[in-house]
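This report refers to the structure that appears directly beneath it.
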Amino acid sequence: GARQSTLGSFFTLP
Amino acid sequence: QVVDAIKDLVQDCNFDCNDSGIALQAMDNSHVALVAMHLKTEGFSQYRCDRNIALGVNLASLQKVLRAAQNEDLLTLKAEDAPDVLSLVFENSENDRISEYDIKLMDIDQEHLGIPDTEYGATVTLPSAEFQRICRDLMLISESVGIEATKEGIKFSCAGDIGSGAVTLRQNANVDKPELSTTIELQEPVALTFSLKYLVNFCKATGLSSTVTLSLSNEVPLLIEYKMEHGFVRFYLAPKIGD
Numbered sequence: 002g003a004r005q006s007t008l009g010s011f012f013t014l015p
Numbered sequence: 016q017v018v019d020a021i022k023d024l025v026q027d028c029n030f031d032c033n034d035s036g037i038a039l040q041a042m043d044n045s046h047v048a049l050v051a052m053h054l055k056t057e058g059f060s061q062y063r064c065d066r067n068i069a070l071g072v073n074l075a076s077l078q079k080v081l082r083a084a085q086n087e088d089l090l091t092l093k094a095e096d097a098p099d100v101l102s103l104v105f106e107n108s109e110n111d112r113i114s115e116y117d118i119k120l121m122d123i124d125q126e127h128l129g130i131p132d133t134e135y136g137a138t139v140t141l142p143s144a145e146f147q148r149i150c151r152d153l154m155l156i157s158e159s160v161g162i163e164a165t166k167e168g169i170k171f172s173c174a175g176d177i178g179s180g181a182v183t184l185r186q187n188a189n190v191d192k193p194e195l196s197t198t199i200e201l202q203e204p205v206a207l208t209f210s211l212k213y214l215v216n217f218c219k220a221t222g223l224s225s226t227v228t229l230s231l232s233n234e235v236p237l238l239i240e241y242k243m244e245h246g247f248v249r250f251y252l253a254p255k256i257g258d
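Chains A and B, in that order, give the protein sequences. 2 is the number of the first residue of the first sequence in this note's numbering; add one for each residue after it. 16 is the number of the first residue of the second sequence in this note's numbering; add one for each residue after it.
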């Protein structure tokens, strides 16, 4: 099945 | 209502108070979902904030205290500089009841994520109750939902052990009741897969707005927005990727 990604791959820490 | 909408997603979070109102940004423990909320100054009958301040609140504690308020009570929130507690006062003007509660605040080391400005491939606005219904129905069949936006409409589909299901909404304009319309702005076709568990959780915000807006682009987090008259609650959800 599909793998759940996390937001850390898309959003950045300033 | 706002606390109800987010309390199952995040436990402890900072209410950031400044000149523009009260804002909050927090991720769930698994870092799959993020909630961003803003209650603008204009939404308060009185608002004063002398210095920017972050109120670290346990939402379960806040919820317990808020349950002590009656629906039509006036609510006042107060905190001093460098506060240990958040004071809540509920007032009923009819029988002159005044209820006073304090909840302890906590230091929360919160990392604010930078959310890039995104030109979404598809932006879909639909009745929030309809979206809630679809998510709940499909969750009985599968843990994941495929969301496809094309010029034909927006299609929610899933497959599980007992079978499969799909709901397609076509664009429609309801002149008499615009809140029942479905609008689709499409730059390019989009197809993504998401966990229904999170979507059902976001739907706890349904009471905040009669409509919900889904913004989608391939391979980026879904943005779900519940707009209020003077603010918003937004949820971001990371997609499921690959097969």
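All residues carry an ideal CB built from backbone N, CA and C; glycine is no exception.
query                                                                                               : result
CB contact check: V25 (chain B) to chain A, cutoff 9 Å                                              : no
Residue nearest to H46 (chain B) in terms of C-alpha spacing, selected from B:P236, B:G257, B:V104  : B:P236
Inside the region 199-228 of chain B only - alpha helix (DSSP H) runs reaching at least 4 residues  : 211-217
Beta carbon of V18 (chain B) nearer than 9 Å to that of L70 (chain B)                               : no
Limits of the beta strand (DSSP E) - the one that E115 (chain B) falls within                       : 112-119
Short Cβ contact (9 Å threshold) for S157 (chain B) with G175 (chain B)                             : yes
Beta carbon proximity, K255 (chain B) to chain A, threshold 9 Å                                     : yes
Supposed contact pair I199 (chain B) and G161 (chain B) - C-beta distance, whole angstroms, cut 8 Å : Actually they do not touch by this definition, with Cβ atoms about 16 Å apart.
C32 (chain B), enclosing alpha helix (DSSP H) - first and last residue                              : Looking at the DSSP string, C32 (chain B) is not in any alpha helix (DSSP H); the run it does join, the beta strand (DSSP E), is 27-33.
Chain A within 9 Å of E240 (chain B), Cβ atoms only                                                 : no
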